[in-house]
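Residues 196 to 365 (our numbering) are what the sequence shown spells out, left to right.
Here's the structure we're looking at; comments come further down.
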Amino acid sequence: GRQVIAEATRPVVLVRAGDGPAGEAAGREVVVGQQGEPEDSADVIGYAFEAAAARGATVRAVRAWALPTVFTYSPGSMALADEAGGLEQYERKALGEALGPWRERFPDVPVVEHVEMGSAGQVLLSVAANAQLMVVGRRARRTAVGARIGSVAHGVLHHADCPVAVVPHA
């Protein structure tokens, strides 16, 4: 399973044996994780919006963030640690910018934005209780040891209670 996902050039959806049908009983949301710059996640977000439109579902867009773990001692650097609210505002703005073009293309798809401090995988799993599908990205690059999936996709694939779509992106 993981190797197929790691090498695929198209989205792959993992549905576990025993998962019920995707429909009313499965939840009303397509949960999508967003990270990086808007152009980095365009394919991932686009897939989520298309899936939500086809299902008549809401897109719950999730962006997780963490305080930097390394600080240098320079004027203003320690202020960063005291301004978690400022970092959260930055993350909210980044998520809004990534969603903007897709909201215009899919005006009938409701969107819920969720920004939370924490591990991306854990935050995604914590909001997926009402999900009929979770969509995450995987960088389409090869390493010296071959194609790999990232830690977020890996964790979500193992622990999500709903089908998971893994979308390769730049």
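Glycine is no exception: its CB is placed at the ideal position from the N, C-alpha and C atoms.
Cutoff 6 Å; reference residue i; Cβ partners in own chain excluding five residues on either side
i    : result
V225 : A243, A246, A247, A252, V254 and L328
V208 : P358 and A360
A348 : V331, R333 and V361
Any C-beta of chain D under 7 Å from that of residue i
i    : result
A348 : Among the chains in the structure shown there is no chain D, since it carries only a single protein chain.
Cut-off 7 Å between Cβ atoms - residues of its own chain near residue i, not counting five sequence neighbours on either side
i    : result
A293 : Q229, P233, S236 and I240
V318 : V257, A259 and E311
G350 : G316
G345 : R333 and R334
N325 : G222, R223 and E224
E219 : Any reading at E219 must be qualified, since the residue scores a pLDDT of 47, below 50, and its modelled position is unreliable; no value is offered.
E299 : none
S314 : A259
Integer-rounded CB distance, given that residue j should sit under 8 Å from residue i
i    : j    : result
A323 : A355 : 6 Å
V210 : P302 : Not confirmed; about 29 Å, so no contact.
T204 : P305 : At roughly 31 Å, the Cβ-Cβ gap does not stay under 8 Å, so T204 and P305 are not in contact.
Nearest residue (CA-CA) to residue i, options the options
i    : options                   : result
H282 : E299, P302 and A261       : The question names His, yet the displayed sequence has Leu at residue 282. Checked all of E299, P302 and A261; the closest Cα to L282 is A261.
G231 : L352, V199, S321 and G291 : G291
V199 : R343, A365 and V347       : R343
E286 : E308, S321 and R300       : E308
V414 : E202, P206 and G196       : Residue numbering for the chain in the displayed model covers 196 to 365; residue 414 lies beyond these limits and cannot be assessed.
P296 : D238, A201, H353 and Q284 : D238
8 Å Cβ shell around residue i - same chain, five flanking residues per side excluded
i    : result
R197 : I344, H349 and L352
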